[in-house]
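Heads up: the sequence shown begins at 10 in the numbering used here, then just goes up one per residue.
All C-beta atoms, glycine included, are put in the ideal place defined by N, C-alpha and C.
For reference, the structure is listed below as structure tokens.
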Amino acid sequence: MNPKALEKISYGMYILTSRKDGKFNGQVANAVLQATADPASITVCVSHDNLTHEFIEHSRVFTLSVLSEGAPMSLIAGFGYRGGRDHDKFEGVNFREGQNGAPIVLDSAVAFLECELIDQMDLGSHTMFAGRLVNGDVLSDETPMTYAYYHTVKGGKSPKNAPNHVSVESNTAAAKAKSGKRRT
């Protein structure tokens, strides 16, 4: 299998947040989709290793801030390449507490979606959380950032805990398998 085929699936770029015991945490997420319209529900996949996973399981709430194409790499890196156990990811970030108690990141966000957890499914390395939408709003008319834009224009990478991360070993194995095929 060519893992590059997975890169053709369309994604957005979001900051996923939650709360636990008076503390906030967040991470970059891209494996997000609207699952139903009535009632409105959202799903998001989160690595078992991420602190945000623990916060969502505990509080049973999460919020997604939809990032604009203009979001600086420093904002994405702050939520995507540092752990919340060692860093306050909200230091210097404009946010407010939402209706569900989780933070809404306002910097470079075009919209936000607040959810209450209704179910979850263990997918091995990740959990897919399903949330009922309880609040949301549009914050700007800017263009939302896609995952393709993040990679091709911003030069972004997929951290190892991302649901769509493909390791160098996987790419190497796929390339060897492809080159080893005979044509008849």
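Pull the bridge partners of Gln36 from the DSSP assignment, please.
Leu25
Span of the alpha helix (DSSP H) holding Thr155?
It is not in any alpha helix (DSSP H) - Thr155 carries neither H nor E in the DSSP assignment.
What does the alpha-carbon distance come out to for the pair Thr45 and Thr72?
17 Å
Secondary structure at Leu15, three-state DSSP: helix, strand or coil?
helix
Three Cβ pairs or more, each shorter than 8 Å: is that satisfied between the stretch 100 to 113 and the stretch 122 to 141?
By the Cβ rule, the stretch 100 to 113 counts as touching the stretch 122 to 141, because three or more pairs are nearer than 8 Å.
Can you find at least 3 beta carbon pairs, one from the stretch 76 to 86 and one from the stretch 153 to 166, that sit closer than 8 Å?
yes
Are three or more beta carbon pairs between the stretch 88 to 101 and the stretch 36 to 45 nearer than 8 Å?
yes
Going by DSSP, name the residue or residues bridged to Pro48.
Beta-bridge pairing links Pro48 to no other residue.
Taking its Cβ as the centre, do 16 or more other Cβ atoms sit within 10 Å of Asn11, making it buried, or is it exposed?
exposed
Please indicate yes or no: does the CB of Asn109 lie closer than 6 Å to some heavy atom of the ligand FAD?
Only the bare structure without any ligand can be found here, which leaves the ligand FAD out of the picture.
The alpha helix (DSSP H) spanning Ala86 covers which residue range?
Met82 to Gly89
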